[in-house]
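K.L.:
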Amino acid sequence: MGRASAAAAVVVAAGLVAASGCTVQGADGKGHSPVHIELPSTKPPSSPSSSSSSSSSSSSSTKGDDKPSGTPTATAGALAPVLWKRGDSGRDVRELQARLRQVEWLFDGPTGTYDDLTEDAVKGFQGKRGLPKTGETDTVTWQRLTKMTHEPGKWDLYLMGGQPAGAPDPRCLTGRVLCIDKTTRTLRWMIDGRTVSEMSVRFGATGTPTREGVFHVYWKSRHHWSTLYDSSMPYAMFFSGGQAVHYSYDFAARGYSGGSHGCVNVRDEAAIADLYAQVRNGDKVVVYW
Numbered sequence: 000m001g002r003a004s005a006a007a008a009v010v011v012a013a014g015l016v017a018a019s020g021c022t023v024q025g026a027d028g029k030g031h032s033p034v035h036i037e038l039p040s041t042k043p044p045s046s047p048s049s050s051s052s053s054s055s056s057s058s059s060s061t062k063g064d065d066k067p068s069g070t071p072t073a074t075a076g077a078l079a080p081v082l083w084k085r086g087d088s089g090r091d092v093r094e095l096q097a098r099l100r101q102v103e104w105l106f107d108g109p110t111g112t113y114d115d116l117t118e119d120a121v122k123g124f125q126g127k128r129g130l131p132k133t134g135e136t137d138t139v140t141w142q143r144l145t146k147m148t149h150e151p152g153k154w155d156l157y158l159m160g161g162q163p164a165g166a167p168d169p170r171c172l173t174g175r176v177l178c179i180d181k182t183t184r185t186l187r188w189m190i191d192g193r194t195v196s197e198m199s200v201r202f203g204a205t206g207t208p209t210r211e212g213v214f215h216v217y218w219k220s221r222h223h224w225s226t227l228y229d230s231s232m233p234y235a236m237f238f239s240g241g242q243a244v245h246y247s248y249d250f251a252a253r254g255y256s257g258g259s260h261g262c263v264n265v266r267d268e269a270a271i272a273d274l275y276a277q278v279r280n281g282d283k284v285v286v287y288w
């Protein structure tokens with residue numbers, strides 16, 4: 000066939016392709032013409048377009064933990080559904096925060112509230128692994144984090160308090176009572192069976208346990224200082240020898256990572272200040288499991 004006839008064939012073939020509007024899906028998912036006609040030429044075949052090269056380059060996976068091979072990280076992260084973001088709260092957010100603590104991207108909490116610190120921690124985690132730094136926890140980010148961490152235990156989730164109180168002991172249902180539950184690590188301030196307030200508390204370490212039983216507040220000391228342990232015990236309400244309910248700076252800073260010398264520690268200073276103002280000498284104290 001002459002050049003003129005070949006050129007005419009190309010025009011006709013191109014017209015058919017344009018009219019049909021269809022393409023053939025290749026193995027790489029990219030469309031291309033179903034008709035291929037090559038005219039005699041001394042020129043070498045043209046090289047792939049720069050856009051194809053760019054696409055191929057962006058598809059290469061970055062080495063990292065548990066990253067699917069051949070999957071564009073940025074695209075996967077951008078399209079993944081968002082599970083939690085700033086402003087959300089609840090038990091799932093606590094678990095997220097506890098896991099972020101395990102990989103040392105978060106040092107506060109868990110609080111159960113997706114705040115600015117949590118958002119920054121998620122951004123840092125995402126950036127380190129080549130994921131889009133949105134600060135929102137999507138399914139890809141969550142899957143990566145869970146593969147790198149273990150499931151948190153109860154006191155990992157409530158390391159800094161915030162856990163719900165259990166049902167009060169029957170001995171707490173009459174009168175004015177500091178109802179202290181060792182199982183849930185909570186204190187209820189109750190009057191005639193009604194819960195006025197509740198707060199997280201910490202107890203004595205193994206060698207210096209907090210005593211269980213029914214007691215009464217016999218002395219209050221607002222700015223108490225322990226000469227035995229050379230430490231501050233603000234808002235102290237003594238109920239059994241040297242054991243008292245009081246505010247603890249250590250509990251506020253370290254949570255359940257530490258323990259007391261037998262006292263009942265409170266980490267919320269505003270809460271215990273209010274409690275101290277209401278409790279009277281002679282009020283009942285019940286400590287139980």
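Sequential numbering of the sequence shown, starting at 0, is according to numbering that gives the first Met the number 0. Note that the Cβ used here is the ideal one computed from N, Cα and C, for glycine as well. All values reported here derive from a predicted model rather than from experimental measurement.
For Ala251, name the three-state secondary structure that DSSP assigns.
P.N.:
Along the sequence shown, read from residue 1 onward, the residue named residue 251 stands at position 252. The answer is helix: DSSP assigns Ala251 an H, G or I state.
K.L.:
Can the beta-carbon of Leu238 be found less than 8 Å from the beta-carbon of Val265?
P.N.:
Start at 1 with the first residue of the sequence shown, and residue 238 comes out as number 239. Start at 1 with the first residue of the sequence shown, and residue 265 comes out as number 266. The residue asked about is misnamed: residue 238 is Phe in this sequence, not Leu. Cβ atoms of Phe238 and Val265: not closer than 8 Å.
K.L.:
Less than 8 Å between the CB atoms is what I'm expecting for Val285 and Ile179, so what's the real figure, rounded?
P.N.:
Within the sequence shown, residue 285 is the residue found at index 286, counting from 1. Within the sequence shown, residue 179 is the residue found at index 180, counting from 1. Sure, about 7 Å apart at Cβ, within 8 Å.
K.L.:
For Arg295, report the span of its alpha helix (DSSP H) as first-last.
P.N.:
A query on residue 295 cannot be resolved here, the shown segment of the chain reaching from 0 to 288 and no further.
K.L.:
When burial is assigned at 16 or more other CB atoms within 10 Å of the CB, is Gly111 buried or exposed?
P.N.:
Here residue 111 refers to the residue found at position 112 of the sequence shown. Its Cβ being crowded by 16 or more others within 10 Å, Gly111 is buried.
K.L.:
Any heavy atom of the ligand MG closer than 7 Å to the Cβ of Met189?
P.N.:
As far as ligands go, the structure on display features none, and thus does not contain the ligand MG.
K.L.:
Are Arg184 and Val200 closer than 8 Å when you measure CB to CB?
P.N.:
Position 185 of the sequence shown holds residue 184. Position 201 of the sequence shown holds residue 200. Contact flag set, yes.
K.L.:
Considering only residues of the same chain and omitting the five flanking positions on each side of Ser220, which have a CB-CB separation below 7 Å?
P.N.:
To locate residue 220, count along the sequence shown from 1; it is residue 221. Counting only Cβ-Cβ distances below 7 Å, and skipping sequence neighbours, we find Ala235.
K.L.:
Would you call the CB atoms of Gly254 and Leu172 closer than 8 Å?
P.N.:
If you number the sequence shown from 1, residue 254 lands on position 255. If you number the sequence shown from 1, residue 172 lands on position 173. Going by C-beta atoms, Gly254 is not nearer than 8 Å to Leu172.
K.L.:
How many angstroms separate the CA atom of Pro67 from the CA atom of Ala120?
P.N.:
Reading the sequence shown from its first residue, position 68 is the one you call residue 67. Reading the sequence shown from its first residue, position 121 is the one you call residue 120. Per-residue confidence for Pro67 stands at a pLDDT of 35, beneath the threshold of 50, marking its modelled position as unreliable; no derived number is given.
K.L.:
Alpha carbon to alpha carbon, what distance is there between Arg170 and Arg279?
P.N.:
For this step, residue 279 is matched to residue 280 along the sequence shown. For this step, residue 170 is matched to residue 171 along the sequence shown. Cα to Cα, the separation comes out at about 18 Å.
K.L.:
Between the alpha carbons of Val263 and Asp114, how many angstroms are there, rounded?
P.N.:
Counting from 1 along the sequence shown, the entry for residue 263 is found at position 264. Counting from 1 along the sequence shown, the entry for residue 114 is found at position 115. Rounded to the nearest angstrom, the two C-alpha atoms are 29 Å apart.
K.L.:
Give me the Cα-Cα distance between Asp168 and Lys127, rounded to the nearest whole angstrom.
P.N.:
Indexing the sequence shown from 1 puts residue 168 at position 169. Indexing the sequence shown from 1 puts residue 127 at position 128. Rounded to the nearest angstrom, the two C-alpha atoms are 49 Å apart.
K.L.:
On a CA-only basis, which of Ala97, Phe250, Pro109, Gln277 is nearest Met147? Give me that one, please.
P.N.:
Counting from one through the sequence shown, the residue named residue 147 turns up at place 148. Ranking the options by Cα distance to Met147, first place goes to Ala97.
K.L.:
Identify which residue in Leu78, Thr205, Val81, Thr117 has its Cα closest to the Cα of Glu94.
P.N.:
One-based indexing of the sequence shown puts residue 94 at position 95. That would be Thr117, whose Cα lies nearest to the Cα of Glu94.
K.L.:
Grab me the residues of Ser49's own chain with a C-beta within less than 6 Å of its C-beta, minus the 5 sequence neighbours each way, in chain order.
P.N.:
By 1-based counting over the sequence shown, the position of residue 49 is 50. Reliability fails at Ser49, whose pLDDT of 38 lies under 50, so the model's placement of it is uncertain and no value is given.
K.L.:
Does the beta-carbon distance from Val102 to Leu177 come in below 8 Å?
P.N.:
Walking along the sequence shown from the start, residue 102 turns up at place 103. Walking along the sequence shown from the start, residue 177 turns up at place 178. Contact: no.
K.L.:
Would you decide whether Arg85 is buried or exposed? Buried here means 16 or more other CB atoms lie within 10 Å of its CB.
P.N.:
In the sequence shown, the residue the question calls residue 85 occupies position 86. The residue is exposed, with fewer than 16 neighbouring Cβ atoms inside 10 Å.
K.L.:
To the nearest angstrom, how far is it from the Cα of Ala272 to the Cα of Pro163?
P.N.:
To locate residue 272, count along the sequence shown from 1; it is residue 273. To locate residue 163, count along the sequence shown from 1; it is residue 164. Going from the Cα of Ala272 to the Cα of Pro163 covers about 21 Å.
K.L.:
Thr207: which of Ala79, His149, Gly240 sits nearest, CA to CA?
P.N.:
The residue given as residue 207 occupies position 208 in the sequence shown. The residue with the shortest Cα to Cα distance from Thr207 is Gly240.
K.L.:
Between Thr138 and Ala79, is the Cβ-Cβ spacing less than 8 Å?
P.N.:
For the purposes of this step, residue 138 is identified with residue 139 of the sequence shown, where counting begins at 1. For the purposes of this step, residue 79 is identified with residue 80 of the sequence shown, where counting begins at 1. Contact flag set, yes.
K.L.:
Take the Cβ of Phe124 as the centre, count every other Cβ of all protein chains shown within 10 Å, and call the residue buried at 16 or more, exposed below.
P.N.:
By 1-based counting over the sequence shown, the position of residue 124 is 125. It counts as buried.
K.L.:
If you count every other CB in all the chains shown that lies within 10 Å of the CB of Trp224, and 16 or more means buried, which is it?
P.N.:
By one-based count along the sequence shown, residue 224 stands at place 225. Classification for Trp224: exposed.
K.L.:
List the DSSP bridge partners of Gln242.
P.N.:
Reading the sequence shown from its first residue, position 243 is the one you call residue 242. Answer is Ser239, bridged to Gln242.
K.L.:
Report the CB separation of Leu274 from Trp188 in whole angstroms; it is logged as a contact under 8 Å.
P.N.:
In the sequence shown, residue 274 corresponds to position 275, counting from 1. In the sequence shown, residue 188 corresponds to position 189, counting from 1. Leu274 to Trp188, Cβ: 6 Å. Contact.
K.L.:
For Val81, which residues of its own chain have a beta-carbon under 6 Å away from its beta-carbon, when the five flanking residues on both sides are left out?
P.N.:
Within the sequence shown, residue 81 is the residue found at index 82, counting from 1. Glu135, Asp137, listed in sequence order.
K.L.:
Between Gly192 and the rest of its own chain, which residues show a CB-CB distance below 6 Å, the 5 nearest in sequence each way excluded?
P.N.:
As a first step, residue 192 must be located in the sequence shown, where it is residue number 193. Taken in chain order, the residues that qualify are Leu172.
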